[in-house]
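Novice: Quick one: the structure is below, and I'll ask about it shortly.
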Amino acid sequence: TLYMLYEPLPYEDKEYDLAFVGYCWWRKGCDLFKRVCRELDLRCWMTGDYRKYSMYELINRLRKTKYLWWISLSEGFGLPLMEAQVLGVIPLCLRAHTSLDYCFTCEYDNNLCIEPVGEEIRLDSVGLRHRVWIPRYKDVIRVIRYALSLDEEEYNRVSRYVYEKSRKLIFETFSRFINSI
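All letters in the sequence shown, in the order written, are residues 62 to 242 by the working numbering.
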């Protein structure tokens, strides 16, 4: 992946607090993201179906971002999660669905993860059923405030951890694929 060609930017070069990458849909927590950014007066940006960046613009913006919003109520694999971690961007995740296996922040520090308080089946606008995990709003705020309170040294440790874990996973997966051919 192209993302693997880039190194993380130093902490002092981070211009954004939080990024949302994906469809602006209720299942992805898009409205919650906007509310949190407003309420906490964060430097946020979004991209997805509503605003596209070129691959290079996206990588550049991600590298300048401290945290990725991954407080998705329902998720498949979630490629932006791995792409961000490969760039050393720390994801803030809901401890559910694929985040259990691929959100390395949760392994590093439980205080950087949001525990869901409920689980239910919801219908979307076209009648499809989705299993969703529900976060408590005050827990989301607490985790984001905690993340933003990390000093540069601790931020760099977490960033390095997710960077190394994600790259190791990608290299191991790629090696298994090559060896299977």
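The C-beta atom is built at its ideal place from N, Cα and C for all residues, glycine as well.
#1: Looking at C-beta atoms only, is the number of pairs between the segment 208-228 and the segment 182-198 that lie closer than 8 Å three or more?
#2: How about K125 and E68: do their beta carbons lie closer than 7 Å?
#3: Using three-state DSSP, classify I132 as helix, strand or coil.
#4: Mapping the DSSP letters down to three states, classify L70 as helix, strand or coil.
#5: List the endpoints of the continuous alpha helix (DSSP H) containing C105.
#6: Does the distance from the CB of V223 to the CB of Q146 come in under 7 Å?
#7: Tell me which residue opens and which closes the beta strand (DSSP E) that V82 is part of.
#8: Between which two residues does the beta strand (DSSP E) harbouring L211 extend?
#9: Do Y128 and L153 come within 7 Å of each other at the CB atom, strictly closer than that value?
#10: Between G109 and the rest of its own chain, which residues show a CB-CB distance below 7 Å, the 5 nearest in sequence each way excluded?
#11: Out of I132, L66 and F165, which one is the CA nearest neighbour of V178?
#12: Who are W194's beta bridge partners in DSSP?
#13: What residue range does the beta strand (DSSP E) around C85 cover?
#14: Between L142 and L123, which are expected to be in contact by the criterion C-beta below 8 Å, what is the C-beta distance as a whole number of angstroms?
#15: Within 10 angstroms of the Cβ of G188, are there 16 or more other Cβ atoms? Answer buried if so, exposed if not.
#16: Buried or exposed, going by whether 16 or more other CB atoms sit within 10 Å of the CB of L66?
#17: Between which two residues does the beta strand (DSSP E) carrying P164 extend?
Specialist: This is what the structure holds:
#1: For the pair of segments examined, the segment 208-228 was found not to touch the segment 182-198: the number of CB pairs separated by less than 8 Å stays below three.
#2: Reading the sequence shown from its first residue, position 64 is the one you call residue 125. Reading the sequence shown from its first residue, position 7 is the one you call residue 68. It is not a contact, given that the beta carbons lie outside the stated cut-off.
#3: Walking along the sequence shown from the start, residue 132 turns up at place 71. Correct three-state label for I132: coil.
#4: Along the sequence shown, read from residue 1 onward, the residue named residue 70 stands at position 9. Reduced to three states, the DSSP call for L70 is coil.
#5: By 1-based counting over the sequence shown, the position of residue 105 is 44. No alpha helix (DSSP H) holds C105; the beta strand (DSSP E) holding it covers C105 to T108.
#6: Working through the sequence shown from its first residue, we reach residue 223 at position 162. Working through the sequence shown from its first residue, we reach residue 146 at position 85. In this structure, V223 sits near Q146, with a CB-CB distance shorter than 7 Å.
#7: Along the sequence shown, read from residue 1 onward, the residue named residue 82 stands at position 21. Its beta strand (DSSP E) spans residues Y77 to V82.
#8: Along the sequence shown, one-based indexing puts residue 211 at 150. Premise fails: L211 is in no beta strand (DSSP E) and is neither H nor E.
#9: As a working note, residue 153 is residue 92 in the sequence shown. As a working note, residue 128 is residue 67 in the sequence shown. Yes.
#10: The residue labelled residue 109 in the question sits at position 48 within the sequence shown. Same-chain partners within the cutoff: V82, G83, Y84 and C85.
#11: To locate residue 178, count along the sequence shown from 1; it is residue 117. The residue with the shortest Cα to Cα distance from V178 is I132.
#12: Here residue 194 corresponds to residue number 133 of the sequence shown, with the count starting at 1. In the DSSP output, where bridge partners are listed per residue, W194 has E180.
#13: By one-based count along the sequence shown, residue 85 stands at place 24. Careful: C85 lies outside any beta strand (DSSP E) and carries neither H nor E.
#14: Working through the sequence shown from its first residue, we reach residue 142 at position 81. Working through the sequence shown from its first residue, we reach residue 123 at position 62. Not confirmed; about 11 Å, so no contact.
#15: By 1-based counting over the sequence shown, the position of residue 188 is 127. Counting Cβ neighbours within 10 Å, G188 comes out exposed, since fewer than 16 surround it.
#16: Translated into the one-based positions of the sequence shown, residue 66 becomes position 5. By the 10 Å Cβ count, L66 comes out exposed.
#17: Position 103 of the sequence shown, counting from 1, holds the residue named residue 164. With the sequence shown as reference, residue 164 is identified as Cys, and Pro is not the correct amino acid for it. Bounds of any beta strand (DSSP E) do not take in C164, whose DSSP letter is neither H nor E.
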